[in-house]
Structure formats: C-alpha cells, structure tokens
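Notes follow the structure.
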Amino acid sequence: MKNLISAAQVGKAPTSKHQAPEKPQYPNSSRERVLELGAWMLVIGASLLLLLRIDTYAQSPAPQPDPLMQLMILQPQIDVSSAVEALAMFDPPVIRAGESATYRVSINALKDSVAWPEQIATPAKLLIKATARGELFSQAGNKLKPLSSFNHRVGAVEPGSYSIPGFAVEVYGRSVTVPAATLTVLPKTAPPPPASTRLVIEPGATNVFTGQPVSVRVTVQTPSGSINQGLTQVKINGDGFLTDNSSARQAISMQPHNGTNVAVYSYEVVLIPLTTGPLEVSAQGFTGGNQFGGPLAVQVQSSPTGSPPQPVLLDSDPVTLRVNPLPSAGKLPGFTGFIGTLTSDPPVIATNMARVGDPVKMTVTFHSQGSLTRFVPPPAPTVREWQTFPPSPTPTRAPNSVNYTFTLTPLTNGTLTTPRIPFSYFDPQRATYVDLTIPAVALFVTNSESVVDAEAWLLANTLSESENNRKPTLSPLATTPGRTASTLIPMQTRASFVLMLMSPLVVFGALSAWDRRRRFLEQHPDIVRRRMARRAFKRERRAMEQAAARGDAMGFAARAVNAMRVACAPHFPAEPRALVGSDVLTLLDQASRNGRVGEVVRTLFAVTDESQFGRTTVEVEGLLKLRTDLNRVLDELEAKL
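Numbering (the numbering used here), first residue to last: 269 to 909.
Right, dumping it as structure tokens:
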C-alpha cells in the first residue's frame with residue numbers, strides 16, 4: 269500500500285505553477301521490497317522442502333473405466349446416412365379364397381424412425397391386420413445396417429386381383445415411397461399354389477392356470493419340410509403373460525413330415541400367464557439362413573443346408589390360451605406359488621447331536637420335470653424351541669433339481685425334533701393342491717455348560733499371565749535397510765539450497781512469459797493461422813515433390829492444388845478445401861494472373877476437379893512438365909505467408 273501511495277504521489281502534477289513540486293520520499297521502499305521478496309522465497313522454499321521430505325506413499329490405483337461405456341465405444345456405428353429404400357411384397361403372392369398371406373414392407377432404417385401409419389388404404393374386399401414389427405442389424409463393413417420390417421396378415425373370400433397402392437411414410441424426417449404390391453386370389457377349387465416359408469407356434473397346453481409355466485415351441489415350416497433356415501430375434505407377441513427368456517433353447521431334430529422324417533428347426537421358450545381369460549399368443553422372427561443366434565442343439569447328423577442369410581421377418585398365426593384362476597378351495601398351508609409336478613427327498617441333517625445355541629443345518633432337495641429357476645422354498649415356522657433363519661440355495665449337479673439349506677438353532681437341551689415345515693404346490697393336471705410338508709428330524713441337544721473344555725480354559729489363562737509378566741525386549745534387526753543420506757550437513761546450509769529457493773522464481777517467470785505469449789497469440793490469431801499454414805504448405809509441397817519423383821502425375825496435381833489452397837487460406841481467411849482456382853488467382857499480380865502462371869493454376873484445378881467429380885477419364889499427360897512454372901507460383905505464395 270505504501271508503494272502504491274508513493275507511486276501516486278510521483279505521478280501527481282502540481283496544482284499551481286507557483287507551487288514548487290514536492291520531491292517524493294522513499295525512506296524504506298527498497299528495504300521493504302527486499303524483505304517482502306525474501307519472505308516469499310522463504311515460504312516457497314519451506315513448502316518445497318516439506319514436499320521433498322514427505323515420504324512417498326502408495327498411490328491409489330487408477331480408476332477402472334466403466335465397462336458399459338467401453339462396450340458402447342467399441343460398438344460399430346449404425347448406418348443412418350445411406351439412401352432409404354422401401355420394398356413391399358405379398359408372401360405368397362398367390363393364394364386361394366379363404367386363405368391368408370403376409371403383406372411385408374421392409375425399410376433399411378431404424379424402426380423407431382419410421383412413422384408407420386395406423387391404417388393402410390386397401391381394396392374394400394381385402395381384409396388386412398397388422399401382426400408383427402421387427403428390427404434387425406447386419407454387419408456392413410465397419411457399420412451396422414438396420415432393417416425394419418412391418419408385417420400384415422391379408423386375406424380375401426372372393427377370387428380376383430387385389431393391389432395395395434403405393435403410399436408415403438416419413439423416415440428420418442423425409443418422405444419415402446412404399447411401392448405398390450399385387451395379390452392374386454384363386455377360387456377355392458383351384459389347385460393349391462406354391463406355399464411359402466412360415467412360422468408355426470405350438471403351446472404345450474392350451475388350458476392352463478395363472479402362473480403355470482407353459483412351454484411354447486416355434487418351428488419354421490418350409491414347403492419341402494426340411495430345415496434350410498435358422499431364426500434370430502425370435503419374439504413372442506401378446507399381452508397378459510411373461511416370457512422366461514432364460515429358458516429359451518434352439519434345436520434341430522427329426523420330425524415327421526408327409527410320412528417321412530425330416531430335420532426341423534425349433535425354438536422353445538417358457539411363458540407364464542399373469543391374467544385370466546383367453547390370451548392370444550403369436551411368434552415372430554427373422555430368418556438367418558445357416559446362422560443361428562445363440563447355442564444350438566443339433567440332434568441330426570446332417571448340417572443345415574441354408575444359403576447365406578437373407579433376413580425376412582416371419583410371423584405365425586395366433587393361438588389362444590385359456591387361462592383359469594387358481595382355485596381358492598382346498599388350498600393347503602405352505603403354498604409359495606409353484607405350479608407343476610414336484611417331489612422332494614427326505615431332509616438330511618448335518619449331525620444328530622448339537623449343543624444349545626449352535627446352528628444346525630438341514631438340507632432338502634426338490635425335483636421337478638420342468639425348470640426350477642423361479643422356485644420359492646417354504647419358510648421355516650417360528651416355534652419356541654428353535655430359532656429359524658430363511659433357507660439358502662446350495663449348488664447341485666442334478667438337472668431340474670435344487671437344494672435348499674435350512675439353518676436352525678436349538679434353544680433348549682434334550683431330545684428334540686426339528687420343526688415340521690408346511691409346504692404345498694398346485695398340480696395343474698389334477699387341478700388340486702398337493703401336500704409336500706418337510707417332515708421333522710430327531711436329534712439330541714446337550715447343555716453348552718456341560719461340554720466346556722476345562723483344559724483349554726486353563727491353557728488360555730496361563731498364556732495370558734505369561735504375556736503380562738513378559739519383560740520388554742528389543743525387536744530383531746530389520747531385514748532391509750531404510751532410507752540413506754549422502755551427507756549429514758543440514759539442507760539449509762548447503763550451496764544448492766539457494767538454487768532450490770530460486771527455482772520457484774524461475775518457474776514463475778517461465779509461466780509468466782508463457783502466459784504473455786499465449787495472450788498475445790490470442791489477440792493475434794492470424795499469426796497462428798499463418799504458422800499452421802506454413803507447416804501444412806511445406807508438408808504438401810514435399811508430398812508433391814515425392815509424387816513427381818515417382819512419376820505420379822495425378823498425385824502431383826492433387827498435392828499441388830492442396831499446397832496452393834493451404835497457402836491462400838490465411839488471406840481470406842477460409843477453410844483450404846473451400847477455395848477454388850479463382851481464389852488463388854486473386855492473390856497473384858496482374859501479369860502472372862493473365863500469363864503462363866495463371867494458365868498453370870487453371871490447368872491443375874481443372875484436372876483435379878475432373879478427377880473428383882467427372883465421369884470421364886482424366887488426361888494427365890504433360891502435368892509433370894508444369895513443375896518449373898508451378899514452383900514459381902508456390903514460391904510467390906509462400907513469400908506472402
């Protein structure tokens with residue numbers, strides 16, 4: 269503050285010409301500055317010394333990258349820049365009256381980006397109903413190419429030719445035209461037309477109960493009956509049920525067809541109805557040729573004869589499941605929601621003798637014909653003699669089996685039996701509840717005080733007394749040497765200590781110079797642009813000379829044009845790729861623009877433009893002869909940089 273006041277007094281002019289200017293006084297200004305500088309140096313030096321003497325601690329490991337984010341980064345990009353095309357067709361194109369066909373529209377775009385209409389204009393006698401929508405991605409180079417398909421079930425009761433006219437849909441905000449398609453309907457008495465590949469869905473049962481697992485089988489039905497197509501993106505359509513995708517499996521097995529056994533592809537999954545009443549269930553999936561999405565169980569010796577994958581969205585006719593509610597009459601205690609067929613082994617106890625307060629483990633194994641992934645074991649009841657805990661699953665190798673371990677703690681001694689655990693399940697075949705209560709197991713419980721090990725207790729007391737009477741002793745020698753010092757002279761008395769104190773000032777000075785330079789370049793961006801242009805110009809000119817040495821006339825012309833663009837870009841300023849030949853000519857003088865130099869510039873730009881945008885072969889003869897004139901142009905442009 270004193271320095272600032274003194275500076276203000278020095279710069280203050282006298283208020284009157286008759287008043288003699290006062291001479292400023294600086295009694296201690298130099299000393300104060302020296303003391304202030306020394307204080308800052310001591311603070312910085314002490315901080316640096318403290319940092320030097322701090323022991324190096326183990327650094328925490330670098331944070332692991334998010335695996336989900338890494339997976340998203342590694343995923344290929346979805347192709348949304350290609351031209352969008354729509355394809356419409358009837359499958360099959362010829363049917364008989366009363367039969368149905370599939371009206372399929374395929375668009376190479378994302379399904380969510382297609383504004384598909386709710387209703388399609390069709391002839392009055394043609395019945396149409398939307399049945400399936402699907403989306404599939406296929407690898408095309410380093411991108412994923414989307415394919416969206418929209419299926420409708422169509423049919424007619426009268427013979428004739430029915431056409432669905434073309435219509436427009438909005439894709440990526442642009443209008444795309446769906447072409448027209450024609451369906452031919454023959455009389456019922458006509459010979460059957462060629463059939464097409466379709467899906468067939470076969471439920472294991474149609475009269476089921478709420479919560480009952482229902483196995484559903486989807487097969488590909490081909491005209492020949494043999495397998496030549498796999499499925500991918502299989503989906504079960506409908507409302508009011510839950511699809512257990514963890515139970516899905518694919519297989520190729522022998523199935524009878526027209527009196528012979530043929531290899532058939534099938535996809536099986538389990539559905540769990542959640543509501544009562546009739547439920548319509550249908551299936552859809554894309555054909556994948558001889559490629560199958562996921563593990564495949566092949567039960568035949570011949571391999572699939574499919575061709576390369578031709579993705580086509582297929583859908584099946586719906587089937588109806590009649591779902592009944594579980595009866596409330598006859599419900600037994602311990603019902604946890606399992607529906608099916610279930611058996612259990614006798615409970616196995618870890619020991620037949622225990623002490624009061626010690627946990628006893630009892631294992632029970634359950635078996636079923638179906639999957640037990642959603643099986644819920646019965647809870648152990650609360651009784652006076654036992655403390656019970658929730659059961660925990662244990663691994664088992666038996667298929668369609670599960671082990672559960674019940675932890676029980678006896679609270680009294682004597683001959684006890686484990687508590688009976690009520691349990692029941694519902695058998696859908698008999699439509700009744702079945703009792704599967706876990707029986708009690710006898711064991712002998714002793715009092716914990718009668719089995720105390722006295723010798724172990726005495727030994728523990730002896731060890732504690734010997735530890736209290738033990739005299740202190742020196743620790744053994746260290747196995748590794750500690751930190752060493754090269755000298756015992758204190759750091760503050762060494763000659764290098766002054767240099768260490770001066771190092772922060774040097775660093776601060778370098779940072780200040782760097783910041784001034786940065787601010788200067790920020791206020792004069794043209795300097796940065798010209799510097800970058802000079803580097804790029806030299807790089808392009810070097811590449812031009814190399815192309816000329818190889819005899820590559822087209823590469824010579826392209827590099828020459830790039831060099832001229834780079835040299836002219838800072839003068840406008842503009843992106844080098846946006847400049848044309850006339851922009852380069854404006855930087856040349858009038859004589860060069862209308863003379864040989866201007867002709868060389870026009871020739872090179874014309875050749876490169878023709879090679880990039882023209883459809884004919886470019887004549888490159890004589891381009892290398894322009895090298896001398898071109899160097900004069902480049903030298904003139906480089907001088908202006």
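Glycine included, each C-beta is placed from N, C-alpha and C at the ideal position.
Could you tell me the distance, in whole angstroms, from the CA atom of residue i to the CA atom of residue j?
i, j, result
"A351", "Y371", "23 Å"
"R442", "F435", "13 Å"
"S297", "P758", "Caution applies to S297, whose pLDDT of 48 falls short of 50 and renders its modelled position unreliable; the model cannot decide the point."
"A389", "P433", "7 Å"
"D359", "A408", "27 Å"
"G556", "A448", "26 Å"
"P491", "D347", "35 Å"
"S521", "D334", "42 Å"
"R652", "P627", "15 Å"
"L581", "L589", "24 Å"
"K908", "F776", "37 Å"
"A326", "S743", "Its pLDDT being 42, under 50, A326 is placed unreliably by the model, and the measurement read from it follows with that caveat. Going from the Cα of A326 to the Cα of S743 covers about 26 Å."
"G506", "P649", "40 Å"
"P658", "S669", "19 Å"
"T465", "V486", "13 Å"
Would you call residue i buried or exposed, if buried means 16 or more other Cβ atoms sit within 10 Å of its Cβ?
i, result
"R665", "exposed"
"H420", "buried"
"R809", "buried"
"D583", "buried"
"L339", "exposed"
"Q697", "exposed"
"T543", "exposed"
"A618", "exposed"
"V925", "Because the chain spans 269 through 909 in this model, residue 925 falls outside it and cannot be assessed."
"M621", "exposed"
"S764", "exposed"
"V488", "buried"
"P541", "buried"
"L894", "buried"
"N779", "Looking at the sequence shown, residue 779 is not Asn but Leu. Exposed, since its Cβ has fewer than 16 Cβ neighbours within 10 Å."
"I446", "Note on residue identity: the sequence assigns Val, not Ile, to residue 446. Buried, because 16 or more other Cβ atoms sit within 10 Å of the Cβ of V446."
"M337", "exposed"
"R900", "exposed"
"V766", "exposed"
"A815", "buried"
Do you know whose CA, among the options, lies nearest residue i's CA?
i, options, result
"P844", "R802, A817, D820", "R802"
"P481", "P663, S692, R827, L640", "L640"
"S416", "L355, P361, G863", "L355"
"N592", "F477, F643, V453, T450", "F477"
"H365", "P414, I504, Q332, A424", "Correcting the residue identity first, residue 365 is Ala in this sequence and not His. Ranking P414, I504, Q332, A424 by Cα distance to A365 puts A424 first."
"L451", "I469, P361, F509, N505", "P361"
"G611", "F694, P659, V422", "First, the residue type needs correcting, since residue 611 is Thr and not Gly in the sequence shown. Per the Cα distances, F694."
"L467", "G553, L510, G428", "G553"
"A874", "V439, T700, R864, A826", "A826"
"T662", "G682, K629, G508, P841", "K629"
"F643", "F691, S754, A699, N862", "F691"
"N513", "Y533, P524, N862, L539", "L539"
"A398", "Y535, V774, S550", "S550"
"A831", "L547, E813, A817", "E813"
"A400", "L378, K503, P614", "K503"
Helix, strand or coil for residue i? Go by DSSP, reduced to three states.
i, result
"G402", "strand"
"V484", "strand"
"P844", "helix"
"T885", "coil"
"P433", "coil"
"L542", "coil"
"P414", "strand"
"R895", "helix"
"V766", "helix"
"E878", "helix"
"I375", "strand"
"E548", "strand"
"V425", "coil"
"N862", "helix"
"P772", "helix"
"F312", "Correcting the residue identity first, residue 312 is Ile in this sequence and not Phe. Three-state DSSP puts I312 in a helix."
"R536", "A small fix is needed here, since residue 536 is Glu in this sequence, not Arg. The answer is strand: DSSP assigns E536 an E or B state."
"S381", "helix"
Length at least 4, wholly inside the segment 776 to 840: the alpha helix (DSSP H) runs in chain order: For the segment 776 to 840, whole alpha helix (DSSP H) runs of length 4 or above, ordered along the chain, are 793 to 818, 821 to 836.
Give the list of continuous beta strand (DSSP E) stretches no shorter than 3 residues that lie fully inside the segment 448 to 482. 449 to 454, 466 to 471, 475 to 477
Whole runs of the beta strand (DSSP E) within the segment 624 to 700, excluding any shorter than 3 residues: 628 to 636, 654 to 656, 660 to 662, 669 to 678, 682 to 685, 692 to 695
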